[in-house]
Each structure stands twice: as C-alpha cells, then as structure tokens.
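For the sequence shown, the UniProt record's numbering gives the first residue as 1, with consecutive numbering after it.
Don't be surprised by glycine CBs; every beta carbon is placed ideally from N, CA and C.
What you are looking at is a predicted structure, and each value in this text was computed from that prediction instead of being measured.
Remarks on the structure that follows.
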Amino acid sequence: LAASPSTLSSVFASAKAGDSVVLSAGSYGSFKGGSKSGLVTVKAAPGASVSMSIAFNPAVNVRVQGVTVTGLDIGGASHDVTVADSTFTGMALIRANQMVNANVVLDHNTHANQNVCSGCFEGRVDITGQGSGPSGVVIKNSTFGPGGNADGIQTGGYGVQILNNEFTGIYESAGIHTDAIQLYGQKQTVIRGNWIHGTSSGIMAPDGGNQELIENNVIDPGSYPYAITLGADKGSIIRHNTLPDGACAWNLRCGIINLTSKDSANPSTGTIVTDNVLGELALSNGSSGAGQDYNLLQNGALRGLHDLRGTPTYTGGAKPTTYAGYALKPGSPGTTNATDGTNRGINPTTSTDPNPTPTPTP
C-alpha cells in the first residue's frame with residue numbers, strides 16, 4: 001500500500017493485519033497510528049527520506065520502520081508497537097503507567113546530537129510511570145550518541161529492558177549532568193549486553209536501586225571512575241560485567257562499582273556482585289551486600305573467598321575497539337572460573353535478546 005504525506009491517514013485506516021504501508025519521501029507531521037487486529041508496518045520506500053513525529057495514545061500492532069523521528073510520545077494502553085531502523089532527531093517519551101507486558105520496542109535506532117531543552121525530559125529515551133506489572137518496554141540494538149548532553153536513557157519504569165545498545169560520545173555541557181543510563185524511581189530494570197564508552201558516566205542510580213539486573217555490559221566511561229553507582233539499593237544483581245581499570249579523575253582508578261547511599265540511614269543492602277572484571281568494589285555510608293565473590297579486581301579489597309587480584313588480558317588487546325573484544329583471552333586471570341564455569345566479565349555469546357522482534361509481513 002503506497003502512501004504520501006497527504007494520504008497516510010486514509011491509507012493506514014484501510015490497512016489490514018499483515019499489510020505494509022510504504023511511504024514516499026516527505027514530511028508527514030504527526031503520525032497517530034491506531035489500533036489494528038494484527039501487525040501493520042509503516043515504512044519508508046527504498047531510498048526515500050521520510051520524517052515524522054510519532055504520537056501513539058493508544059496504538060496497537062503498529063511497526064514504524066526506516067524513518068527520521070522528530071519526536072516520539074507513546075502512552076495510554078498502547079501495546080505491540082515497534083519503532084525500528086530509524087534516526088531520532090528528537091526525544092522519545094514512553095508513558096508506561098498503563099503498560100503491562102505491552103511489547104513496546106525501540107530497535108536498531110540512532111539517537112545522536114540531542115541536547116536537553118527547557119521543555120524536555122532528561123533522556124533521549126525517557127520512560128515514566130508504572131503499571132501493575134513489568135511494562136514490556138524494550139530498548140535494544142541501538143546507538144546513543146555521539147553528540148549532545150541529554151542522558152542516553154532515563155527510566156522510572158517497571159521492568160524496562162535495555163539490551164545490546166552502544167552509548168558513546170555523550171558528555172555533559174552547559175551545566176547539564178549527563179549519564180549514559182540513569183535510573184530514577186524505577187524497579188526491576190534489566191540492563192544487559194550494552195557497551196558504554198567515551199561518556200560522562202556509566203550507569204547512575206544514586207537515588208535508589210530496586211532489584212535491578214545489570215549483566216554482561218562493558219562500561220568504560222573514560223575519565224569518570226564510577227562505572228556503576230547504586231544508592232540505597234535493595235537486592236540488585238550485578239554480574240558478568242567488564243569495567244576496565246585505568247587512571248581516572250580525582251586521582252582515582254577507573255572501573256569502580258559504587259554501592260552507597262545519600263542517607264546513611266538508608267544504605268544499600270542485599271546487592272549481589274559476582275563474576276565481574278572490575279577495578280574496585282567500593283562500599284560507603286553503611287552499605288553492604290548479600291554476596292560479593294568470584295570477581296577479578298585490580299584495586300581495592302578482595303571481599304569474597306573466590307575473588308582474584310590480577311590484570312585481565314582481553315581478546316581485543318590492551319584497549320579493545322569492540323564490545324566483544326573485552327572478552328577474556330584464554331589464559332587470562334578469571335577464565336573458566338566464574339560461578340557458572342564460564343569466564344568472569346562479559347561472555348558475548350550469552351548476551352542475546354530474549355524477545356527477538358518478529359519479521360513483519362511484506
């Protein structure tokens with residue numbers, strides 16, 4: 001089904017489950033979608049330059065593909081919605097207060113050169129609100145940066161999954177504090193398989209962690225020493241991550257996991273830190289953990305019986321240029337002796353997407 005800026009509304013309204021609406025070049029204004037009984041794909045024609053803002057409230061069974069997204073706002077009871085293979089020039093907001101297992105997916109997109117503005121949320125992708133169960137919001141296989149001072153992703157959602165993304169070249173400026181991933185008011189976030197490098201910071205949650213799962217990530221934010229900060233955490237799991245050591249700001253070493261609290265009366269407790277390659281594990285303001293063991297550390301205290309002190313060697317050399325290059329080289333300290341018998345740090349072959357995006361019907 002062919003559509004132009006003047007006909008998209010009527011063509012989409014007539015589209016049936018399994019149809020693809022193919023867009024000619026042009027600016028499409030605000031696309032509001034709608035509810036369909038089965039998947040309808042809206043995509044740019046080969047070689048066509050298509051731009052639109054997306055405003056779904058609600059939309060059901062809609063996939064948008066291969067466009068320039070000038071802004072995105074998904075809310076209400078939207079579900080089974082995907083935006084893929086697209087370039088975001090504006091912020092993306094997902095209002096998840098009515099979403100439970102909604103399968104709202106951002107996949108294989110780019111989010112570069114975005115700055116915080118007076119009327120914006122702080123993240124290039126920002127998830128707000130919580131329903132009665134895990135939201136089903138997934139951000140995966142995308143690139144955040146380079147350029148701009150907006151956070152990569154900020155989430156206050158329930159069970160948001162942040163999978164297999166790259167965050168690079170995201171730096172604070174103009175007095176704006178900038179994080180690759182910021183958690184604020186969230187719970188049960190899954191952060192898996194991401195590569196964070198050349199950024200102002202890594203994973204930042206000083207105001208509280210709540211049963212988050214942080215695994216199989218490479219976090220090397222450059223000169224900032226604290227790769228992961230969890231404040232007032234309750235029972236999160238940090239495992240199989242690689243946080244490279246090095247010389248960082250304030251005469252500190254890099255690659256630090258920082259379990260802390262802004263209030264000593266509410267310290268981090270119950271956090272499991274295991275099977276990581278890191279610079280150091282730091283505990284402050286009365287914070288403690290439920291299990292800290294089987295880590296390969298270069299600095300700081302060895303807190304577990306099976307912790308090792310040593311310098312890792314990577315398959316990609318001293319300074320790998322890919323995510324997979326941070327896997328331990330055979331013979332390195334930490335190989336084949338994690339709790340699961342694999343290598344400590346990342347295991348790239350296990351960083352898979354548990355919910356692959358279905359192939360749309362042509």
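Can the beta-carbon of T105 be found less than 9 Å from the beta-carbon of G131?
Strictly speaking, residue 105 in this sequence is Val, with Thr absent from that position. Cβ atoms of V105 and G131: not closer than 9 Å.
Using 10 angstroms around the beta-carbon of G152, count the other beta-carbons present and answer buried if the total reaches 16, otherwise exposed.
Buried, because 16 or more other Cβ atoms sit within 10 Å of the Cβ of G152.
Are the CB atoms of K187 and Y158 within a distance shorter than 9 Å?
It is a contact, given that the beta carbons lie within the stated cut-off.
Please report how far the alpha carbon of S223 lies from the alpha carbon of G317, in whole angstroms.
Their backbone Cα atoms lie some 20 Å apart in a straight line.
Can you grab the Cα-Cα spacing for the pair T339 / Y294, in whole Å?
A straight-line Cα-Cα distance of about 7 Å links T339 and Y294.
Within the same chain, show all residues whose beta-carbon is closer than 8 Å to that of D263, passing over the 5 residues directly before and after it, in chain order.
Only A232 and N285 meet the Cβ criterion.
With distance defined between alpha-carbon atoms, name the residue in S135, L93, G119 and D85 nearest to T143.
Of the candidates S135, L93, G119 and D85, the one whose C-alpha sits nearest the C-alpha of T143 is D85.
Under the rule that 16 or more other beta-carbon atoms within 10 Å means buried, what is residue 368, buried or exposed?
Only positions 1 to 362 of the chain appear in the structure, and residue 368 is not among them; the question remains open.
Can you tell me which of N217, N251 and R95 puts its alpha carbon nearest to the alpha carbon of P244?
Ranking N217, N251 and R95 by Cα distance to P244 puts N217 first.
Nearest-angstrom Cα separation, counted from I214 out to S192:
According to the sequence provided, residue 192 is Arg. The question's Ser does not apply to it. Looking at the two C-alpha atoms, the distance is approximately 6 Å.
State yes or no: is the C-beta of H12 within less than 9 Å of the C-beta of V22?
The residue asked about is misnamed: residue 12 is Phe in this sequence, not His. In this structure, V22 does not lie closer than 9 Å to F12 by Cβ.
When you compare the stretch 255 to 272 with the stretch 301 to 320, are there three or more beta-carbon pairs, one atom per stretch, that lie closer than 8 Å?
Here the stretch 255 to 272 does not lie against the stretch 301 to 320, with fewer than 3 beta-carbon pairs under 8 Å apart.
Length of the line joining the Cα atoms of A205 and S24:
Cα to Cα, the separation comes out at about 43 Å.
Look at N164 and V116 and say whether their C-beta atoms are less than 9 Å apart.
Taking 9 Å as the cut-off, the beta carbon of N164 is found no closer than this to the beta carbon of V116.
Residue from Q98, P221 and I162 with nearest C-alpha to S135
Q98 is the residue among Q98, P221 and I162 whose C-alpha sits nearest the C-alpha of S135.
Looking at F31 and L1, is the spacing between their C-beta atoms short of 9 Å?
Contact flag unset, no.
Pop quiz: I127 and G156 are said to be a contact at Cβ under 8 Å. What is the actual Cβ separation, rounded to whole angstroms?
Indeed they touch by this definition, with Cβ atoms about 6 Å apart.
Just to confirm the assignment: which complete beta strand (DSSP E) runs, minimum length 3, are found wholly within the stretch 48 to 108?
Within the stretch 48 to 108, the complete beta strand (DSSP E) runs of at least 3 residues are 50 to 56, 60 to 65, 68 to 74, 79 to 84, 92 to 95 and 104 to 107.
Tell me, which residues are paired with H306 by DSSP?
BP columns for H306 are empty, so no partner.
Residue range of the unbroken beta strand (DSSP E) whose run includes F167
DSSP places F167 inside the beta strand (DSSP E), whose first and last residues are E166 to I170.
Comparing C-alpha positions only, which one of D19, S6, S10 and G38 sits nearest to K28?
The identity of residue 28 in the sequence shown is Tyr, whereas the question assumes Lys. It is S6 whose Cα lies nearest to the Cα of Y28.
Only counting the same chain, and skipping five residues up and downstream in sequence, which positions put a Cβ closer than 6 Å to that of T229?
Cβ neighbours of T229 beyond the five flanking positions: M204, P206 and N258.
Is the beta carbon of L296 closer than 9 Å to that of G345?
Taking 9 Å as the cut-off, the Cβ atoms of G345 and L296 count as close.
Residue closest to P348, alpha-carbon to alpha-carbon, out of G325, L283, S332 and P333:
Residue G325 holds the alpha-carbon nearest to the alpha-carbon of P348 among G325, L283, S332 and P333.
Here's the rule: buried if 16 or more other CB atoms are within 10 angstroms of the residue's CB, otherwise exposed. What is H79?
Flag for H79 reads buried.
Going by C-alpha to C-alpha distance, which of Y184, H108 and V160 sits closest to F167?
Taking only the C-alpha atoms, the option nearest F167 is H108.
Assign K16 to one of two classes, buried (16 or more other C-beta atoms within 10 Å of its C-beta) or exposed (fewer than that).
By the neighbour-count rule (16 or more Cβ atoms within 10 Å), K16 is not buried but exposed.
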